[in-house]
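Novice: Got a structure here, written out as structure tokens. Questions coming.
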Amino acid sequence: MTPGAARTSPGWRTAGPVPPFNPNAPPTRKADGLRATVTSTAITQRLRRSAMADLQDELHAAGEAGELDTPPDTPHDRPGKRGHRPPGTEPIAPGDGGPGSDGSRAPDASHVTEPSTGPSTGPSTEPSSESSEPSDELAEAHAFLAAHPVADGYSGLPWVLRQLPRYDLELGEGGVDTDVPRMRKGHIGALFWSLHLPEGPAGERPVDATLEQLDLVRTVVDAHPEGLRLVNSAGETTDARNRGRVAVLLGPAGAPAIGGSLGILRSLQTLGLKALTLAGASWAGESGLSRFGEEVVREMNRIGVLADLSGAGEATVRRALALSRAPVVCTRSAAGALRAHPANLSDDLLAALGEARGLCMVPLTAEQTGPSVRDVADHLDHVRAIAGPECVGLSGTYDSGAAHPEDLNDASCYPRLIAELMHRGWPEADLALLTWGNVQRVLRTADFTARAAKDRREASTASIADLDG
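Position 182 of the sequence shown, counting from 1, maps to 182 under UniProt numbering, and the rest follow consecutively.
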């Protein structure tokens, strides 16, 4: 276009009042066919000093963000179209399991290649399917988890935080596998904080050390009111989720934590304990439950504490399944048929757990499930097939010192696992049970059982000396 030539384009006005001149206003671009009338002496002098082409360049510079001044045949670098992001999902940084940007699909969620963010070293090319994220499946996973968050069965965070007394879980500074930003990215809605004790001096005084752990969790939750909420029932768990908080459940604690006393068990429950592991005590060993151990299970049913059978001997598992009126849980157990491990369950025990409407929460640990996302999915497939979709759950087992499968390194990575299960054809109803529904069922049933038991059974005053000698 030559200087002074008028643009014409359908839809633009060709005449109109001229606004007052404002010397401080930025240059403006008029539409096709618009005649600019300049009355200011300052503008007139400028036009006399420079060619009309200079003014055209100036006007074009003011509108570079738009496209009206770009000729149809002129190459124009435009930002690429953003990938689809479903409503309710949060932006995910590269490497944490977030949706991609190009709408391509890879064979499964364990083979995700993040797009390069570095400078280009050559001419741009169309992205290949091998180098792009499976954005469709990951986007679907994020959208699904926004509606059905994960209720995670086990976190070793309390013991880790004892070594990091001033750690701020809201900042996400690293050093832990689980913090508030990672839980939000991973769509974790509820999390069991383990009160288990490591071997060593603390394990030699289990009652004291468990109380210290419990106090620490309460202190941490109180320090993060915008991200965490301590809960003890199914209703409180749902309410915390609806308010945008991660529901924190206390437990499991180790059997030695009750010190051979039902009074201590009740005291721990009053302080918030929700699960107790039936292993590692004289009354719950490889030979099964003693008479006192059976009384512990009855009292747990009465006060609403879940029996955790992960790591328990087979005899203990079978007796607890037969005795408990409330659902039992295995907070970190996978399929023994796929990978031998003391905490994994045989198919016979998985079938018995399914008949009792218990819950097997598959851990995301390489030792128990394998080194890849697909290995974890294989265990979930197996448990679902043997015990039923109503009896399988998830257990990150983060901050426990265990190694994790590739692409499941921390609490933000659940979308990758859900994307893999979607790729395998899991129906949405089964996925909803896996992530949230089954834990809610167990909590509701335990609460109901406790209310019913308190009407017909008083607190037990039995002692281990009375029952076991």
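Where a beta carbon is used, it is the ideal one built from N, C-alpha and C, also for glycine.
Let me know the secondary structure DSSP gives PRO225 once reduced to three states.
Specialist: Coil, per DSSP.
Novice: Give the DSSP-derived three-state secondary structure of LEU278 in the structure shown.
Specialist: Of the three classes helix, strand and coil, the one that applies to LEU278 here is coil, per DSSP.
Novice: So, helix, strand or coil for VAL231, using DSSP?
Specialist: Reduced to three states, the DSSP call for VAL231 is coil.
Novice: Can you give the Cα-Cα distance for LEU230 and GLY304, rounded to whole angstroms?
Specialist: Rounded to the nearest angstrom, the two C-alpha atoms are 16 Å apart.
Novice: Just verifying my parser: in three-state terms, what is the DSSP assignment at LEU169?
Specialist: If DSSP states are grouped into helix, strand and coil, LEU169 belongs with coil.
Novice: Can you tell me where the beta strand (DSSP E) with ILE188 in it begins and where it stops?
Specialist: Segment 188-193, the beta strand (DSSP E) holding ILE188.
Novice: What span of residues does the alpha helix (DSSP H) with ALA343 cover, start to end?
Specialist: Taken as a continuous stretch (DSSP letters only), ALA343 belongs to no alpha helix (DSSP H), as it is neither H nor E.
Novice: Whole-angstrom Cβ separation of ASP378 and LEU338, contact assumed at under 8 Å?
Specialist: Yes, ASP378 and LEU338 are in contact; Cβ-Cβ is about 6 Å, under 8 Å.
Novice: Can you give me the C-alpha to C-alpha distance between GLU314 and VAL328, rounded to a whole angstrom?
Specialist: Taking the straight line joining both Cα atoms gives about 14 Å.
Novice: Can you give me the Cβ contacts of THR178 inside the same chain, cut-off strictly under 6 Å, excluding the 5 residues immediately before and after it?
Specialist: Closer than 6 Å at the Cβ level, and outside the excluded window around THR178, lie SER155, LEU157, TYR398, ASP399, ALA411.
Novice: Whole-angstrom Cβ separation of ARG319 and LEU353, contact assumed at under 8 Å?
Specialist: Wrong, their Cβ atoms sit about 13 Å apart, outside the cutoff.
Novice: For my contact list, THR277 and PRO252 are in at a C-beta cut-off of 8 Å; report their separation, rounded to the angstrom.
Specialist: The pair is a contact, with the Cβ atoms about 5 Å apart (cut-off 8 Å).
Novice: Run the CB neighbour count on ALA459, radius 10 Å, all protein chains shown included, and call it buried at 16 or more, exposed below.
Specialist: Exposed, since its Cβ has fewer than 16 Cβ neighbours within 10 Å.
Novice: Run through DSSP, which three-state label would ALA452 get?
Specialist: In the structure shown, ALA452 sits in a helix (DSSP, three-state: H, G or I).
Novice: What span of residues does the beta strand (DSSP E) with residue 470 cover, start to end?
Specialist: The structure shown has nothing for residue 470, since the chain only spans 1 to 469.
Novice: I'd like to know if the segment 354-369 and the segment 386-396 are in contact, where contact means that at least 3 CB-CB pairs between them fall below 8 Å.
Specialist: Yes: the two stretches touch, three or more of their Cβ pairs being nearer than 8 Å.
Novice: For the 8 Å Cβ check, are there 3 or more pairs between the segment 207-227 and the segment 417-436?
Specialist: They do not touch, by the three-pair rule.
Novice: How is the alpha helix (DSSP H) around residue 470 delimited, first residue to last?
Specialist: Nothing about residue 470 can be read from this structure; the chain reaches only from 1 to 469.
Novice: Use the C-beta contact count for ARG451: other C-beta atoms within 10 angstroms, 16 or more gives buried, fewer gives exposed.
Specialist: By the neighbour-count rule (16 or more Cβ atoms within 10 Å), ARG451 is not buried but exposed.
Novice: Terminal residues of the continuous alpha helix (DSSP H) containing ASP136?
Specialist: From DSSP, the alpha helix (DSSP H) with ASP136 extends over 135-147.
Novice: Under a Cβ-count criterion, where at least 16 other Cβ atoms within 10 Å of its own Cβ denotes burial, should GLY189 be classed as buried or exposed?
Specialist: Under this definition GLY189 is a buried residue.
Novice: With respect to the beta strand (DSSP E) encompassing ASP308, which residues constitute its N-terminal and C-terminal limits?
Specialist: Looking at the DSSP string, the run of the beta strand (DSSP E) that includes ASP308 is 306-308.
Novice: State the DSSP-derived secondary structure class of VAL246, mapped to helix, strand or coil.
Specialist: Of the three classes helix, strand and coil, the one that applies to VAL246 here is strand, per DSSP.
Novice: My output table needs one value for SER463: the three-state DSSP class, helix, strand or coil.
Specialist: Strand.
Novice: Verify whether the separation of the beta carbon atoms of GLY227 and VAL180 is less than 8 Å.
Specialist: Contact flag set, yes.
Novice: Need the endpoints of the alpha helix (DSSP H) that ALA429 sits in, please.
Specialist: Unbroken alpha helix (DSSP H) run through ALA429: 428-432.
Novice: Based on DSSP bridge pairs, tell me the residues matched to ALA152.
Specialist: It should be pointed out that residue 152 corresponds to Asp in this sequence rather than to Ala. Beta-bridge pairing links ASP152 to LEU191, LEU394.
Novice: Which first and last residues belong to the beta strand (DSSP E) in which LEU359 is found?
Specialist: Residues 359-363.
Novice: State the Cα-Cα distance for the pair PRO342 and PRO363, rounded to the nearest angstrom.
Specialist: About 13 Å.
Novice: What number of angstroms, rounded off, separates the C-alpha of GLY311 from the C-alpha of ASN344?
Specialist: When rounded, the distance between both Cα atoms is 8 Å.
Novice: Is the CB-CB distance between SER233 and ASP447 below 8 Å?
Specialist: Yes, the pair counts as a contact, with Cβ atoms nearer than the cut-off.
Novice: How about the segment 260-268 and the segment 435-449: do they share at least three Cβ pairs that are nearer than 8 Å?
Specialist: Segments in contact, no.
Novice: For residue 492, write down the residues that DSSP places opposite it in a beta bridge.
Specialist: The question about residue 492 has no answer here: the residues shown for the chain are numbered 1 through 469.
Novice: Across which residues does DSSP place VAL329 in a beta bridge pair?
Specialist: VAL329 is bridged to ASP308, LEU359.
Novice: For LEU349, which three-state DSSP category applies?
Specialist: The answer is helix: DSSP assigns LEU349 an H, G or I state.
Novice: DSSP state of SER261, grouped into three classes?
Specialist: If DSSP states are grouped into helix, strand and coil, SER261 belongs with the strands.
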